[in-house]
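Asks: Numbering-wise (the UniProt record's numbering), the sequence shown opens with residue 1 and increments by one. Glycine is no exception: its CB is placed at the ideal position from the N, C-alpha and C atoms. This is the structure I want to talk about, given as structure tokens.
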Amino acid sequence: MPVEDASVDLVNAEIAAHWFNTEKFLQETARVLKHGGCLALHAFLPDYEIHYKDCSEELTRILSEALEMIYSYNKQAVTIVRSQYEDIFRKIPFADKKRITGIQETFLLNVEDIINLVRSACFYQEFFEKDKDEATEFLKNLEKRFLGVLENSSSRQLEFTATYFCILATKL
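Okay, here's the thing in structure tokens:
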């Protein structure tokens with residue numbers, strides 16, 4: 001980072017640390033943080049739940065199957081996130097550190113919102129770059145599967161639950 005040693009109060013990486021070279025990132029973080037400065041890492045698990053009447057299990061399964069397919073474009077990043085940054089946490093060179101897991105938040109989304117969420121994922125973007133036609137068809141089929149379960153009502157509000165985690169550390 002193009003900043004002076006011990007000159008930064010906060011280093012924050014939101015849904016990003018799994019892309020970094022961990023050793024270099026943590027070494028540079030230790031260099032730039034002031035004493036009392038904070039490192040904050042946070043992300044959400046790449047596994048979600050959808051709740052809607054008696055269709056919850058099937059809707060969640062459909063989404064999980066679709067996500068597993070696009071996650072195949074970068075299994076290493078998915079593995080790091082699913083570990084909730086366990087290895088990154090162990091390597092943080094500060095004694096004052098804490099990993100907080102199991103933070104859940106539920107949003108109301110319709111089918112279009114969920115399709116757009118999948119479309120915005122970097123893993124889908126990699127898929128799209130490799131094969132635009134197949135990626136586009138993939139989203140159409142995903143939407144069709146959801147609508148089949150929901151009796152073709154795309155406007156129904158579904159409870160979409162994401163699970164977050166964070167790591168906080170202070171340079172003493």
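1. Starting from the Cα of D96, find the closest Cα among K140, F128 and I167 and give me that residue.
2. For G37, is the classification buried or exposed, using 16 other Cβ atoms within 10 angstroms of its Cβ as the cut-off for buried?
3. Check each candidate in D54, K34 and H42 and name the one with the smallest Cα separation from I80.
4. Buried or exposed: P46, going by 16 or more other Cβ atoms within 10 Å of its Cβ?
5. On a Cα-Cα basis, can you pick out the residue from M1, A40, V3 and Y71 that is closest to F165?
6. Contact between the region 122-129 and the region 71-80 is defined here as three or more beta-carbon pairs at a separation below 8 Å; is this criterion met?
7. For V3, is the classification buried or exposed, using 16 other Cβ atoms within 10 angstroms of its Cβ as the cut-off for buried?
8. Please work out which residues of its chain come closer than 8 Å, Cβ to Cβ, to T22, disregarding the five sequence neighbours upstream and downstream, and give them in chain order.
9. Quick one: using the 10 Å Cβ neighbour count with 16 as the cut-off for buried, is T29 buried or exposed?
10. Among residues of its own chain, excluding the 5 on either side of F107, which ones have a beta-carbon nearer than 7 Å to its beta-carbon?
11. Taking DSSP as the reference, what is the three-state secondary structure of residue 175?
12. Output needed for T101: all residues of its chain with C-beta closer than 6 Å, excluding positions within five of it in sequence on either side, in chain order.
13. Is the Cβ-Cβ distance between L158 and L109 less than 7 Å?
14. Of all the alpha helix (DSSP H) runs that stay within the bounds of the UniProt domain "Methyltransferase type 11" (1-40), which reach a length of 4 or more residues?
15. I believe Y52 touches A162 by the beta-carbon criterion, under 8 Å. Please report the beta-carbon distance rounded to the nearest angstrom.
Replies: Considering the structure as presented:
1. Checking every option, the nearest Cα to that of D96 belongs to I167.
2. The C-beta of G37 has 16 or more other C-beta atoms within 10 Å across all chains shown, which makes the residue buried.
3. Put simply, of D54, K34 and H42 the residue whose alpha carbon is nearest the alpha carbon of I80 is H42.
4. Result: buried.
5. When only C-alpha atoms are compared, the closest one is A40.
6. Because the criterion of three Cβ pairs below 8 Å is met, the region 122-129 and the region 71-80 touch.
7. Exposure of V3 is indicated by the presence of fewer than 16 other C-beta atoms within 10 angstroms of its C-beta.
8. Answer for T22: D87, I88 and K91, listed in chain order.
9. It counts as buried.
10. Closer than 7 Å at Cβ, skipping near neighbours: F160.
11. Absent from the model: residue 175. The displayed extent of the chain is 1 to 172, so no value can be given.
12. Cβ within range, chain order: Q84 and F165.
13. Yes, they are a contact pair.
14. Uninterrupted alpha helix (DSSP H) stretches at least 4 residues long and entirely within the UniProt domain "Methyltransferase type 11" (1-40) occur at 22-32, given in chain order.
15. No, Y52 and A162 are not in contact; Cβ-Cβ is about 16 Å, not under 8 Å.
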